[in-house]
Amino acid sequence: MPTFVSDYRPIACCNTLYKAITKILVKRLQRVLPLMIDHSQNAFVPGRSISDNILLAQELLAGYNQARLPARCMLKVDIQKAYDSVEWDFLLETLRLFNFPQQFIILIKQCVSTASFSISLNGSIYGFFKSSRGLRQGDPISPYLFVLVMEVWSTLIRHRVQQATQFQYHWKCKELGLINLCFADDVLLFCKAHIPSIKVLTDTLSEFASLSGLKVNPVKSQIIISRARYSRNGNTSWNMPLIDKVDARLAGAGNAKVAWDQLCKPKAEGGLGVRRLVTANQALILKQLWRILQNDGTSIWVDWIHQNRLRHTTIWTFNRDTGSWSWKKMLKLRPLLQRGVVYKVGDGSSFNLWQDIWHDRGPLCLNYPRGPAITGLPLSSTLSSVLQQNSWNWPATTDADIAEIISQLPPTYPAAPDTICWRNTSGTYTVKSATLLIQPANPPIHWHGLLQGDTNGCVLCGGQFIESHNHLFFNCWYSKRCLAILKNEIKFQWPYEEWQRGITWASKRWRGNHLVNAALRATLAALVYRLWAERNNRIFAATSSPAEITSKNVLEDVRMRIMVADIFS
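Quick note, the sequence shown lines up with residues 1 to 569 if you use the UniProt record's numbering.
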C-alpha cells in the first residue's frame, strides 16, 4: 500500500480497440526506429539486443578497483517516474524534429492526451480527472515514444560534450564517442574521473529535465569512481553458480526413476529432449561469439570489442587475461565455436593469414610460430597476400612446416568475398544447432518406428479397446478372467467396473487387522501388480502368460504375504 502521495502510480486501462490502433502505429514506427536511434539505445529497437549494453557496461566497469588503470567515472542515473513525467509538448516537438508526418503526430497526440484517472484509496475508487502529461502505462506504443524522447537527450549530451573543451572521455570510449548507455528509464554515463567532465554530464541532465520533465531520482542514482571503495549488495540473481546449483538439484533429485542424462538426450536418441541449463547457457553465449565473428556493424558492444580487445589480434588468438568476467567466460567456449564455424575463402581480403582458422590446422601462428619470420609475411597479413590470379601463391621456401601448410590448402572462391558460415544447412547460427553441437552424440533409436498398432490400445485384449484404469482394472477380458478364477478359488469379490468406485468401496469394506480383510487387501494389491507386470512384459519383453498363470501367481503372492505377516506378528 502507498504511504506517500509520491508512491501513487497512474495506470491507464486501454480497451481492445485502442490497443489495436496503437499496435498499427507501433508496426509503422518499428520500420524507421533503427534509422533514428543511436546505438547507445538498444531496448525496444528492432534488430538490436539490450544485452549489448549489459555486456559493454561490464567491460567498461571491469578493473575499477585497479590502481594501475586511468581514473574513470560512471554515473548510474535513474529517471524519476519516467513514463509519467514526459511533457506532451516536448514529445510532439520531438516527433516534428524527426520529420514524422503531421497526421501521425495528431494520432499520437490523441493517444497520449485522452487518458483519465481515478484514485484508489483504502480499496475504493474516488474522483475522475484527466492527465496533463506522461505516457500511458500498458500502452503498446509508450516504450517506443519514450525511446524517441531519450534519443533527444542522447543527441543533446553529445552536442554538449563536443562544445565542452575540458570534457575527457572515459577510458577506451573516445574512438567510438561513447558517453551513455540507455536501459529504458535507466541510464549509465561514462567519463574520466575529473570534475569538469562530470559537471558537463550533470548540467546536461538538468537542462534535459527542464525541457522534457524527466528528472533524476537522487535516491536511486549512484556515482562510481575507479580506485574508490564502494559497496555492492550481494545479489544471487547475478551469481552464475546459481544455475549450476539448480541444475545439480534437478539432476540429483532423490528417488529418480530415470537418469537425468537420459532425459536430456534428443527424442531420436531415446530421451525426452529436455535442455540442460548449462547447455542452453553455452548455446546462447556462443551466439555472442558468433556475432563478434560476423561484425556487421549493428552492435555497439561488438564494435567496442573489435576496437579494444581485438585490435591487433583475432578472437582465436586473443590470450590476455583482461576484461570482464563474462568476456573471460566467453573465451573458454572458443573450442566449441571452432567446431561449428566454417571459413570459406573468397578474395582473401577479410581473413587474417596467421590468426584466423581458415586452415584445417587452426590459427597458423599457434601451430607454426616461425611462419611469419620464414615467409616474410607479417602477423597482420591477410589471405590476399598469398592469393594471386585466383590461385594460391606462397613465397618459395624449403621449410617443412610451410610445405605442410601448402599441401593442405582449402579451395578458394575468388569471385565472392570471404564468408564465415555455421555448420548447418542455412549457414547461419541458430541456438538449436549449437545445442545439438554441444550435446554428446549418441546412436539414434532406429527401432522406435518399427512398432506397429495403436500405442493406446490395450495389449491384454489385442488392442480392441483403449487402455485406461477402468479398462485394465477390471473391464478387460483378461482381467475379468483373473477375477473369475480368484472368485472360484478364494471367494474374492469385486462388484464395480469403475476403478475409483471400487477402490473407495474396498477401503471402507476391508478395514482392520482381521485376517480375512488382510487377505483381501493383499489379493487386490497382488492382482493389480500382476496385471501391470503382464502388460509390461507383453510390450517390452514380447512374452505373455495365460490368465490361469497370472491368477496362480496372485495366489502365491497372497500366501507368501500371509506367511510373512504370521512370522513377524
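All C-beta atoms in this analysis are idealised placements derived from N, C-alpha and C, irrespective of residue type, glycine included.
No experiment lies behind these values; they were computed from the predicted model shown.
Residue i - DSSP class collapsed to helix/strand/coil
| i | result |
| --- | --- |
| residue 301 | helix |
| residue 229 | Any answer about residue 229 is weak, because its pLDDT of 47 lies below 50 and its placement is not dependable; what the coordinates show is given next. Three-state result, residue 229: coil. |
| residue 461 | coil |
| residue 126 | strand |
| residue 551 | helix |
| residue 478 | helix |
| residue 117 | strand |
| residue 112 | helix |
| residue 532 | helix |
| residue 199 | helix |
| residue 596 | With the chain covering only 1 through 569, there is no way to say anything about residue 596. |
| residue 265 | coil |
| residue 216 | strand |
| residue 344 | strand |
| residue 524 | helix |
| residue 468 | coil |
| residue 224 | strand |
| residue 412 | strand |
| residue 381 | coil |
| residue 388 | strand |
| residue 393 | coil |
| residue 234 | Bear in mind that the predicted position of residue 234 carries a pLDDT of just 38, short of 50, making it unreliable; the figure below should be weighed with that in mind. Reduced to three states, the DSSP call for residue 234 is coil. |
| residue 308 | helix |
| residue 352 | strand |
| residue 557 | helix |
| residue 282 | helix |
| residue 540 | helix |
| residue 292 | helix |
| residue 105 | helix |
Exposure of residue i, with buried meaning 16 or more beta-carbon neighbours within 10 Å
| i | result |
| --- | --- |
| residue 573 | This structure cannot speak to residue 573, because the chain is shown only from 1 to 569. |
| residue 65 | exposed |
| residue 469 | exposed |
| residue 239 | The predicted position of residue 239 is uncertain, since its pLDDT is 41 and thus under 50; a value taken from the coordinates is nonetheless stated next. With fewer than 16 Cβ atoms within 10 Å of its Cβ, residue 239 is classed as exposed. |
| residue 86 | buried |
| residue 45 | buried |
| residue 140 | buried |
| residue 60 | buried |
| residue 534 | buried |
| residue 352 | buried |
| residue 570 | One cannot answer for residue 570 here, as it falls past the ends of the chain, which runs 1 to 569. |
| residue 616 | Limits of the chain in this structure are 1 at one end and 569 at the other, which puts residue 616 out of reach. |
| residue 548 | exposed |
| residue 282 | buried |
| residue 574 | Residue coverage of the chain in this structure runs from 1 to 569, which leaves residue 574 outside it and unanswerable. |
| residue 551 | buried |
| residue 257 | exposed |
| residue 516 | exposed |
| residue 345 | buried |
| residue 13 | exposed |
| residue 116 | exposed |
Residue i: first and last residue of the uninterrupted beta strand (DSSP E) it sits in
| i | result |
| --- | --- |
| residue 84 | Segment 82-85 is the alpha helix (DSSP H) holding residue 84; no beta strand (DSSP E) there. |
| residue 421 | 419-422 |
| residue 73 | 72-78 |
Presumed contact (8 Å Cβ cut-off) between residue i and residue j, rounded CB distance
| i | j | result |
| --- | --- | --- |
| residue 437 | residue 336 | 7 Å |
| residue 526 | residue 554 | 5 Å |
| residue 154 | residue 38 | 5 Å |
| residue 315 | residue 292 | 6 Å |
| residue 223 | residue 75 | 5 Å |
| residue 355 | residue 313 | 6 Å |
| residue 92 | residue 105 | 6 Å |
| residue 11 | residue 138 | 7 Å |
| residue 474 | residue 494 | 6 Å |
| residue 402 | residue 357 | Not really, about 18 Å apart at Cβ, beyond 8 Å. |
First through last residue of the alpha helix (DSSP H) which encompasses residue i
| i | result |
| --- | --- |
| residue 336 | 334-340 |
| residue 31 | 16-36 |
| residue 274 | Looking at the DSSP string, residue 274 is not in any alpha helix (DSSP H), and its letter there is neither H nor E. |
| residue 508 | 499-509 |
| residue 431 | 431-438 |
| residue 59 | 51-61 |
| residue 375 | 371-375 |
| residue 94 | 88-97 |
| residue 365 | 364-367 |
| residue 401 | 400-407 |
| residue 331 | 325-331 |
The ligand GTP heavy atom lying under 8 Å from the CB of residue i
| i | result |
| --- | --- |
| residue 462 | The ligand GTP is not among the ligands present in this structure, which contains no ligands whatsoever. |
I'd like the ranges of any beta strand (DSSP E) spanning at least 3 consecutive residues and lying wholly in the region 133-194.
180-183, 186-192
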